[in-house]
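Chemist: The sequence shown begins at 35 in our numbering and counts up one residue at a time.
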Amino acid sequence: MNTSRGPLVDAESLALALEENQIAGAALDVLEVEPPPADNPLLRAKNCLVTPHIAWATRSARSRLLNTAVQNVGAFMAGDPQNVVNA
């Protein structure tokens with residue numbers, strides 16, 4: 035399973051391992067190149083699930099993101115910025 039960065043997985047090696055049943059399956063939310071070229075072997079692998087880089091977007095994650103954004107705007111307006119990354 036890879037939900038972080040596509041280049042962490044060697045696509046050719048993974049496709050071969052899947053084809054030869056060396057591993058039972060793979061689940062990928064990221065690929066080395068996005069969007070993937072049509073000839074990406076992982077797109078044809080029968081035991082490989084590929085999602086379009088949306089695994090993070092659960093209902094609770096999106097709700098938490100929205101709540102954090104609203105709180106950050108309120109804190110900024112009150113002169114107390116939160117989650118500052120350029121300080």
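Here a beta-carbon is modelled for each residue, glycine too, at the ideal position from N, C-alpha and C.
#1: On the DSSP bridge list, what partners appear for Leu-62?
#2: Where do the ends of the alpha helix (DSSP H) carrying Gly-108 lie?
#3: Between the C-alpha atoms of Gly-108 and Arg-93, what's the straight-line distance to the nearest angstrom?
#4: Does DSSP put Asp-75 in a helix, in a strand, or in coil?
#5: In three-state terms, what does DSSP make of Pro-41?
Modeler: With the given structure in hand:
#1: Answer is Asn-36, Val-84, bridged to Leu-62.
#2: Taken as a continuous stretch (DSSP letters only), the alpha helix (DSSP H) holding Gly-108 covers 93 to 111.
#3: Distance between the alpha carbons of Gly-108 and Arg-93 is about 23 Å.
#4: The sequence as given places Pro at residue 75; Asp does not occur at that position. If DSSP states are grouped into helix, strand and coil, Pro-75 belongs with the helices.
#5: Judged by DSSP in its simplified three-state form, Pro-41 adopts helix.
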